[in-house]
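Here the sequence shown is numbered in our numbering, starting from 1 and rising by one per residue. Backbone N, C-alpha and C fix where the C-beta goes; we use that ideal spot for every residue, glycine too. Just so we're clear, the structure is a prediction, and the values are computed from it rather than from any experiment. Report on one structure; see the data block that follows.
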Amino acid sequence: MKHLLTLLGTGSLLAVAACNNASRNNAADSTVVADRGDTTGNIVDTTDLPAPYATKSVKNYSEVLGWPADKKPVPPAGFTVTKFSDSLINPRWIYIAPNGDVLVAEANTRMGPIERVKSIATGKEQSGYETSSADRITLFRDTTKDGVPDLRTIFMDDLDQPFGMLILDDKFYVANTGELLVFPYQQGQTSISGKGKKILDLPKGGYNNHWTRNIIASADGSKIYIAVGSASNAAEHGMKEEVRRANILEINPDGSGERVYASGLRNPVGMDWAPGTNVLWTVVNERDELGDHLVPDYLTHVEPGGFYGWPYSYFGGHIDPQVKVTPRPDLVSQALVPDVPLPSHTASLGLTFYDGSTFPDRYRSGAFIGQRGSWNSSVLAGYKVVFVPFSNGQPAGPPENFLTGFIADSADARVYGRPVGVAVAADGALLVADDAGNTVWRVSHTSNN
């Protein structure tokens, strides 16, 4: 597999080079921006990363304003943005059912009294965190095929911070923060009740940072993959809190046969299969508190059995000085270098490959990434959806802006919303879950409207 290096000089792309990573050879209504998107702010040169603490680590929480009636996200020329649905409560993730139904998981970080006081003091609360979690899944159905749902109903509720969803055969799976549940399912049903069957406990207790649990099935349905983020920034609570975390787990559909598919992934959330391949890809939200430009988030293919550095190192052998647990030079020597670096602190969480047919050819099989946005950067980073072109299952260019306009005032750290989940609807439109804006946006190509 190849590692994409992108170098930027005098405001333009000078070179996009691919070099072999030897450590992997042993594994397996529209607004004009630019016709082909804009790479501004997306180029990261991992051959020359700054030293840790080259800039001061800061807390710079954004203030979420919500969307005024005259504002919406900004797509590239030739695309249109419309409101698919609003008045949601922290819509984080989107799943498209085989019949085209759109399922939206609504959940949020939970805070106890002490955490709430800290959140108010630091400004975190104003950054799109509700005081509680909706803990439900809402179903949308567009029977008239006009891009506007005419059915909206609660599909499931009384869940526990639900996130990942999956329909496999005649079963519906939902990943709560601490368990994987399965329910009987018939195509087209509009609600599920009952407690379901727990087939797997997931790590939840203690310091439960990174509460989302995403799931995806293999193409043949024989395996399910579960993304579990770390319990901390850089193992500051000890490795005993990180058992089965910072991993992608693999299980059988009945919950048996668990193994660690890949490890050292601080907060892997979005997962998808590159079209035309059997290669799993993920986006990873990397660590904070080392300065504005460390550590880059990334998009990478996932090597079975691969180790990606966390918490001991990043981007190969770069040692993290804030890690206080026992060093593991044996693991650091095996750490894989991710394929596509993304700017630091962008909270790159959402991922989908475009498998629709209504976008221009250059978008086919490329990756869309939802970036929820920073809190640990002196200048807001992320708060947009970026696109990475692919060719023959490999990255074919640097990340470029696709959906922007979420930042209202960068200097005052004010934003309209925060995009997270991305999914390709049955009609080929891109759906974007704006978790802090409480909206799902629909992006379609103008020639198909």
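Alpha carbon of residue i to alpha carbon of residue j, nearest angstrom
i: Ile199; j: Ser191; result: 21 Å
i: Trp211; j: Gly229; result: 7 Å
i: Ile407; j: Val422; result: 18 Å
i: Val104; j: Gly147; result: 16 Å
i: Phe368; j: Pro360; result: 14 Å
i: Val283; j: Asn209; result: 17 Å
i: Thr358; j: Lys56; result: 45 Å
i: Ser193; j: Arg364; result: 38 Å
i: Gly257; j: Ile216; result: 16 Å
i: Asp297; j: Gly41; result: 13 Å
i: Asn108; j: Thr143; result: 30 Å
i: Asp254; j: Ala413; result: 46 Å
i: Ser475; j: Gly100; result: Here the chain has residues from 1 to 449 only, and residue 475 is not among them.
i: Tyr173; j: Asn233; result: 29 Å
i: Val269; j: Glu106; result: 16 Å
i: Ser62; j: Thr404; result: 16 Å
i: Asp272; j: Pro304; result: 15 Å
i: Gly393; j: Gly221; result: 21 Å
i: Leu290; j: Val58; result: 9 Å
i: Met156; j: Asp135; result: 9 Å
i: Asp158; j: Ile226; result: 21 Å
i: Asp160; j: Val302; result: 28 Å
i: Gln189; j: Lys171; result: 12 Å
i: Ala396; j: Glu250; result: 29 Å
i: Gly356; j: Gly366; result: 11 Å
i: Arg244; j: Leu280; result: 19 Å
N- and C-terminal bounds of the alpha helix (DSSP H) containing residue i
i: Asp330; result: 329-332
Residue interval of the beta strand (DSSP E) (run including residue i)
i: Ala217; result: 213-217
i: His469; result: This structure leaves residue 469 out entirely; the chain is present only between 1 and 449.
i: His225; result: According to the sequence displayed, residue 225 carries Tyr and not His. Tyr225 -> beta strand (DSSP E) spans 224-228.
i: Ala464; result: Summary: the structure shown does not reach residue 464, with the chain confined to residues 1 through 449, and so no result is reported for it.
i: His445; result: 439-445
i: Leu342; result: 340-344
i: Thr282; result: 280-284
i: Tyr138; result: According to the sequence displayed, residue 138 carries Thr and not Tyr. That run of the beta strand (DSSP E) goes 136-141.
i: Trp273; result: 268-273
Under 8 Å between C-beta atoms of residue i and residue j
i: Val424; j: Val432; result: no
i: Thr177; j: Ile154; result: no
i: Asn278; j: Ala219; result: yes
i: Ile96; j: Ala429; result: no
i: Arg152; j: Ser85; result: yes
i: Asp339; j: Leu294; result: no
i: Pro399; j: Phe387; result: yes
i: Lys71; j: Val81; result: no
i: Trp310; j: Gly350; result: no
i: Val415; j: Phe402; result: no
i: Asn60; j: Asp435; result: no
i: Val74; j: Gly417; result: no
i: Asn247; j: Lys223; result: no
i: Phe459; j: Ala235; result: Only positions 1 to 449 of the chain appear in this structure, which leaves residue 459 out of reach.
i: Asn285; j: Arg259; result: no
Contacting residues, own chain, Cβ-Cβ under 8 Å from residue i (five flanking each side not counted)
i: Gly382; result: Pro343, His345, Thr346, Ala347, Ser348, Gln371, Arg372, Gly373, Ser374
i: Gly238; result: Val325
i: Phe79; result: Ser30, Val443, Ser444, His445, Thr446
i: Thr46; result: Leu5, Pro296, Phe315, Val337, Pro341
Nonlocal neighbours in the same chain, by C-beta distance under 6 Å from residue i, ignoring five residues either side
i: Asn376; result: Asp288, His345
i: Leu180; result: Ile199, Leu200
i: Leu202; result: Gly178, Glu179, Arg213
i: Asn438; result: Leu88
i: Asp35; result: Any reading at Asp35 must be qualified, since the residue scores a pLDDT of 37, below 50, and its modelled position is unreliable; no value is offered.
i: Ser133; result: Ala107, Asn108, Arg110, Gln161
i: Lys197; result: Val182
Close beta carbons around residue i, own chain, < 7 Å, minus the five adjacent residues each side
i: Pro321; result: Pro52
i: Ile167; result: Ala97, Pro98, Tyr185
i: Phe307; result: Ser263, Gly264, Leu331, Gln334, Ala335, Leu336
i: Glu241; result: Gly206, Tyr207, Ala231, Ser232
i: Ser410; result: Val379, Leu380
i: Phe163; result: Arg92, Trp93, Ala105, Ala107, Ala175, Thr212, Arg213, Asn214
i: Ser313; result: Ile319, Asp320, Val332, Ala335
i: Lys145; result: Asp427
Problem set entry | 4 or more residues per run - each alpha helix (DSSP H) lying fully within the stretch 146-207 | none
Exercise. Which ranges does the beta strand (DSSP E) cover as unbroken runs of at least 3 residues, wholly within the stretch 39-101, from first to last along the chain?
Worked result: 79-85, 91-96
For this session: Can you check the stretch 351-426 for any beta strand (DSSP E) of at least 3 residues that lies completely inside it and give the ranges in chain order?
Result: 367-371, 384-388, 400-403, 407-409, 419-424
Exercise. Which runs of the beta strand (DSSP E), 3 residues or longer, sit entirely within the stretch 231-263?
Worked result: Counting only runs of 3 or more, we get 247-251, 259-263.
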